[in-house]
Structures are given as C-alpha cells and as structure tokens.
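The block underneath contains the structure these notes are about, expressed in structure tokens.
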Amino acid sequence: MRNRFLGSIIFFIAVFALSSVPLAHSGQTGAQRAPAASNKPFDAHDLTGYWELTNIGRPPGALNTISNNRPPMTDWARGVFGKTKTGYKELSSGVYPENQRNDPALWCDPLGFPRILWNSTTPGMRFLQASSEVIQFFENGRAWRDLWTDGRKLSTGEDVDPRWFGYAVGKWEGDTFVVTSNNYIDKTWLDQYGSPHSDKLTVQERYRRTDSDHLEMFVDITDPKAYTSTWKGDKKTFVRVDKPTRSDFNDFSENLCVWSEKKVRPRL
Amino acid sequence: MRVVGKESSAQTVAMRKAVERTFNMQNRFLNLFVVLAAVLACANGLFAQKAQSSNPHDISGVWRMLGPGQTRAVAQTVGAGASHPTLGNNRPPFTAWGQAKWSQTRASAQRPPLSYVFLPDQKDWNDPLFVCDPAGYPRTGGGNSMYRFVQVADEVVEFFERDRVWRDLWTDGRKLPGANAKPRWYGYSIAHWDGDTFVVESNGFDDRTWLDRQGSIHSDQMHLEERYKVLDRDHIEFSMTLTDPKAYTTPWAGPKQTMERMESSDGVAPGIWGKRPNGKPYEDIREDYCVYSEEHSFWINDDPTGLGNNFGDVLTGTDKK
Numbered sequence: 381m382r383n384r385f386l387g388s389i390i391f392f393i394a395v396f397a398l399s400s401v402p403l404a405h406s407g408q409t410g411a412q413r414a415p416a417a418s419n420k421p422f423d424a425h426d427l428t429g430y431w432e433l434t435n436i437g438r439p440p441g442a443l444n445t446i447s448n449n450r451p452p453m454t455d456w457a458r459g460v461f462g463k464t465k466t467g468y469k470e471l472s473s474g475v476y477p478e479n480q481r482n483d484p485a486l487w488c489d490p491l492g493f494p495r496i497l498w499n500s501t502t503p504g505m506r507f508l509q510a511s512s513e514v515i516q517f518f519e520n521g522r523a524w525r526d527l528w529t530d531g532r533k534l535s536t537g538e539d540v541d542p543r544w545f546g547y548a549v550g551k552w553e554g555d556t557f558v559v560t561s562n563n564y565i566d567k568t569w570l571d572q573y574g575s576p577h578s579d580k581l582t583v584q585e586r587y588r589r590t591d592s593d594h595l596e597m598f599v600d601i602t603d604p605k606a607y608t609s610t611w612k613g614d615k616k617t618f619v620r621v622d623k624p625t626r627s628d629f630n631d632f633s634e635n636l637c638v639w640s641e642k643k644v645r646p647r648l
Numbered sequence: 005m006r007v008v009g010k011e012s013s014a015q016t017v018a019m020r021k022a023v024e025r026t027f028n029m030q031n032r033f034l035n036l037f038v039v040l041a042a043v044l045a046c047a048n049g050l051f052a053q054k055a056q057s058s059n060p061h062d063i064s065g066v067w068r069m070l071g072p073g074q075t076r077a078v079a080q081t082v083g084a085g086a087s088h089p090t091l092g093n094n095r096p097p098f099t100a101w102g103q104a105k106w107s108q109t110r111a112s113a114q115r116p117p118l119s120y121v122f123l124p125d126q127k128d129w130n131d132p133l134f135v136c137d138p139a140g141y142p143r144t145g146g147g148n149s150m151y152r153f154v155q156v157a158d159e160v161v162e163f164f165e166r167d168r169v170w171r172d173l174w175t176d177g178r179k180l181p182g183a184n185a186k187p188r189w190y191g192y193s194i195a196h197w198d199g200d201t202f203v204v205e206s207n208g209f210d211d212r213t214w215l216d217r218q219g220s221i222h223s224d225q226m227h228l229e230e231r232y233k234v235l236d237r238d239h240i241e242f243s244m245t246l247t248d249p250k251a252y253t254t255p256w257a258g259p260k261q262t263m264e265r266m267e268s269s270d271g272v273a274p275g276i277w278g279k280r281p282n283g284k285p286y287e288d289i290r291e292d293y294c295v296y297s298e299e300h301s302f303w304i305n306d307d308p309t310g311l312g313n314n315f316g317d318v319l320t321g322t323d324k325k
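Each protein sequence line maps, in turn, to chains A and B.
The numbering used here puts the first residue of the first sequence at 381, with every later residue one more than the last.
The numbering used here puts the first residue of the second sequence at 5, with every later residue one more than the last.
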C-alpha cells in the first residue's frame, strides 16, 4: 500500500513537471512575458517553419537592433555615421526632417543582414532545411540567405565580391544552430538608427528551439574597422506560426520595395 | 538395427563427428560466401545507382537555359549559351485591349515586329526594368541568369540570380488562387509530376511587367504552363505556353529549349568557396539585385530625391540642402 501511495506521488510530480503551466519571470515590465512553454514534441535539430519576431523577454526600452549597448565606434565609423540622417533620437547622429533623411531603405536599397531581421515592414521569416543547407527566407523584400551546412568554408580573401546579404555557413553545436557570415557590402545600415558597418563585418548568429513554438536567437557583430569591440546581441525570441497571416495562399506575401511606387508615375 | 562391434561403433562415431565437422565447416564457408556475395551485389547496385542519373523526379541543382535549338553551351564564358525562357517570336495577335497596352511601350530593343517602336534616345524608353521594377516571370530567367531548384517535401523552390528572388512551386496539392487574388510580380505557382515531366502552372500576375525586352505585354489574366521534361540527369527540355484571353486572341506556345545542369553558376568566382574533397565546386548562384540608387544611367528622366540634388550626394550626405 505504501508503494502504491509512493507511486501516486511520483506520478503526480511527473504530471506537474510536464505540464504547460508557465512559470512567470519576475522583473519583466514593459516587455512581453516569457512564453508559455509548449509541451508538443519537436525535433531540436529542425528549424523548419514560419517564424515571427516578438518582444518576448526583451528588456524595457529595447531598440530595433542588435542590442542597446552599441560599442564605441572607430574614427572611420564615426565619419560614416556622421553623414547618416534619420528621424530617431536613439543611437542616431541626430533628428532630421523627413525630406532630409537618407536611410538607404527609402530608395529601396536591399536592407541587408542583420537589419532585415528587425526592421522589416513584414516580419516573417522562414527556415527550410535541405540536404546541403538551411535556407532562411524573409517576407520583406522576398530575400533569402543560404546557410550552407555542407562543409564549405567562408572565404577570408580580399578578392571576394561582397554581397548585400553576405556569405554564410552554418553548423550544429548541440541543439544550437550556429551561423557565421562575412563579406557584406558596406552600404547597408545595421539598423534604422544608422549604425554603420564596414566590409570587414563578421556576424555570428545562434538559433535554438526552446520548445515547439519558440526559437531564441542571439546575433553578435564583430567589425574591427567600425567598432572597438564585439557588439553582443540581446536575446530575441521568435514564435512559430502555422499559417502566415498576410497571405491567403498559405505562403509569404510578396513584399517588394518598388521604387516606381514611391512616387506618382505614369502607368503603361 | 544393425549390430556393430564396440570398436566399429567408436570408429563410426568418430567418422560421423569428422563428417559433421567437415559439413559444418562447409556450411560456414558457404554461409560466408553467400554473405560476401550479397554484400558485393549491394555495393555494385549502389555504385550503379550512383553512376546512373540521380532520381529522375528531382531537379534540384543549378541550371542554365540554352537558346532554342541549342543542345549545349557554345562557349564557357559567363552567360555564354544562356538564353531566356522565351515564348519565341510567334506572338499571336493582340486583342484590342492588348494592342492598346502594347502601343504605349517604348522598348530599348530594336526588334520589330515584336517591339512597337524603336526610339534611339534613352530618354524615350519606358522599359520598367530601367526603374528597377521587378522583372517578374518569365522575364527574370535566362540571359546571364542561372536557375537553381531545391526540391523538398511540399514544393520545389526556384531561385533566380536576377533580382535575387524565388518562386515557390507548390507540390502539396493546393489549387491556384482565383481571380480575386492580390496580383504578384512573380505570380502564384503550383506544380506536379506527369510521368517524367514536371508541370508548373501559374497565375495571379501583376500586369505591369513585360514578358521580354521587346515590350510584349500581358494582362492580370495571364496563365502560364511550363513543362520541364527530364531527358537525363544533366538535361531538361523546357517549354512554356501562355494563355491570356484579355491580351491575346490565342495561346502563345513557345519553342522547346534545353536546360543544362551546372555544377555551380559561372557567375560565382570559383575561389569563393574552394572545392569539395572530390574536386568539384560548391554549388552557388550569384546575387544580382537591381539597385536604383546605383544605376545612374537610369536617372536620365528622374531626380529620385525630387529636390534637385544629385542622388549620390544625398546618400552620402554631401548635398548642400
């Protein structure tokens, strides 16, 4: 009888431990609370699906960028940054009227990475895993990145044609998918505030599924030509969506920045 | 029962044991032989599989479109032999609506009768590509642009170098959207296998795109059918038919073209990724955006800022205003 009683206690403890009742974090005001953990089974090595960025777990006042703690710039970067003109007070070089702003996104320049993660008019991101890569799609601009997992190495040579979205390789470290990328065109901004970068930029991303419906991400920026130290990112959380919400075709909406739509133009 | 003497019994037992040992040894040898033969047969089968074409229902990889009538690239330079997934020159007659729309085009390509008119001054051209409008499909393919297909469970994703965009060719059984679907520059696509042919159907196209450099137009009722017939591991026979009753009086069937498999796009420098252990290049295609702020020759009719400034000066902050 004692064994049966003990067995019942063990059973109830197990049920409680595996339940989806969230444990609220303390001290998180102004941001979304930690997500309710889903107890649906999932493959930690499969990022496949549609994901959208949330404010879950971010510190109050967190900006749309790597983190609020941008390291000091080098002289070179200060020179570039001094020419940027935005309408934002935070992290920017000054607040400018609309007709003077020169954010390259206004002219439909590609947003580049990592800005496309947190400065998109449409926030959808999708991962698709194939045999030699993980493909990262973005709803904004219909952009994609190949995160090659076939063993190839990033080039560190000087004669590489830089790309708006760089070159990337990925690998698994335990349950974390680690992506390293480089050779970015230096015309993009890292965020809407004008944070610059050089062609020496290297980005490291770490993705980990914390449960079936949530993905945590850290992005660190290393750019010795622009910043005196690594710009370490705060944790971002993505939530999985079963069905993309901005399309009736169960796919991403087509969201392209079209320069001819920015002004009135005669149509054919 | 035979009656044997003691000595004979022992001999018989010994003989029997010797025979059993021999038989067991033979059995083991035979078993080993059978196992080895099976292993060899499997290995040969695997090798043969590798030597033959890969799964005929998988078109994953990088492909170059050759011109009508070509069966292989004529040279090994970038874009050589690469062609456009054209509908060809046998464009059907326009409807009244189609004629009116086509009459407004001012193409840069001097190619009557496909082009409405050719004017030598660039200021008179209105090809939407010259303001970096999305090329749309089928115009985005071909030319110097390679294709890349990635085949997964529910779709084949088609990637293009030009404009750096993709199309989802859904194979999960969904139907094309109806007439009320929001038009897309690259339309909506579904696909299925019909024997050895991958058939793609598309609709829902934004009517601002041109089908080619000559200014062939289309309406929002355009429907495309593409057929990718797998000839062997490295060659596909491509054909496309356009049906657009609002713009053309009959369907427009294009010529057959050959697609040739590439190890990688020749627009990607070979040294970028190095080589695989087997000496072959790593697969990749180039990034080819039309960036209006960089295309200075496109600004001939336009001051993008509307402020009377040089566009480049505004971007770098050296403008005076």
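For each residue, glycine too, the CB sits at the ideal point set by N, CA and C.
Keep in mind that this is a model prediction, so the values were computed, not measured.
Excluding five sequence positions before and after B/SER193, the CB atoms of its chain that fall closer than 6 Å to its own CB belong to ARG171, LEU173, VAL204 and SER206, given in chain order. A Cβ-Cβ separation of about 7 Å places A/PRO484 in contact with B/SER297 under the 8 Å criterion. Of the other Cβ atoms in all chains shown, fewer than 16 fall within 10 Å of the Cβ of B/ASP198; this residue is therefore exposed. Contact check for A/THR582 against A/ASN562 passes: the beta carbons are separated by less than 9 Å. Residue environment for A/GLY459: exposed (fewer than 16 other C-beta atoms within 10 angstroms of its C-beta). Comparing alpha carbon positions, the residue from B/ASN94, B/VAL295 and B/GLN155 closest to A/LEU508 is B/GLN155. Neighbourhood of A/LEU497 in chain B, by CB distance below 7 Å: empty, with the nearest CB roughly 17 Å away. The closest CA to that of A/ILE436, considering only A/ASP631, A/VAL638, A/GLU634 and A/LYS615, is found on A/LYS615.
Any Cβ of chain B closer than 9 Å to the Cβ of A/ARG532 would place that residue at the interface, and such an atom is present. Against chain B, the beta carbon of A/ASN630 has neighbours under 8 Å at ARG178, listed in chain order. Residues of chain A whose Cβ lies closer than 7 Å to the Cβ of B/ASP216 do not exist; the shortest such Cβ separation is about 14 Å. Boundaries for B/PHE153: no alpha helix (DSSP H) harbours it, while the beta strand (DSSP E) harbouring it runs 151-155, taken from the DSSP string. Taking CB atoms only, A/PHE493 has no neighbour in chain B less than 9 Å away. Given a length threshold of 3 residues, each whole run of the beta strand (DSSP E) inside the region 150-216 of chain B is given here in chain order: 151-155, 159-164, 170-174, 192-198 and 201-207.
Assignment of B/PRO285 by DSSP, reduced to helix, strand and coil, places it in the strand class. For A/TYR587, not one C-beta of chain B is nearer than 9 Å to its own C-beta.
Between A/TYR430 and A/ARG525, the gap from beta carbon to beta carbon reaches 9 Å or more. Using a 10 angstroms sphere on the CB of B/PRO116, the tally of other CB atoms stays under 16, which defines it as exposed. Straight-line measurement puts the Cα of B/THR254 at about 44 Å from the Cα of A/GLU432. A residue is called buried when at least 16 other Cβ atoms come within 10 angstroms of its Cβ; B/TRP256 meets this threshold and is buried. For A/LEU497, the enclosing alpha helix (DSSP H) begins and ends at 495-498. Between the alpha carbons of A/SER575 and A/ASP541 lies a distance of about 22 Å.
Sequence-distant Cβ neighbours of B/CYS136 in its own chain, meaning closer than 8 Å and more than five residues away, are CYS294, VAL295, TYR296, GLU299 and PHE302. Across the set B/ASP288, B/ASP211 and B/ILE304, the C-alpha of B/ASP288 shows the shortest separation from the C-alpha of B/GLU165.
Between the C-alpha atoms of B/GLN261 and B/MET69 there is a straight-line separation of about 7 Å.
By the neighbour-count criterion, in which a residue is buried when 16 or more other Cβ atoms sit within 10 angstroms of its Cβ, A/VAL475 is exposed.
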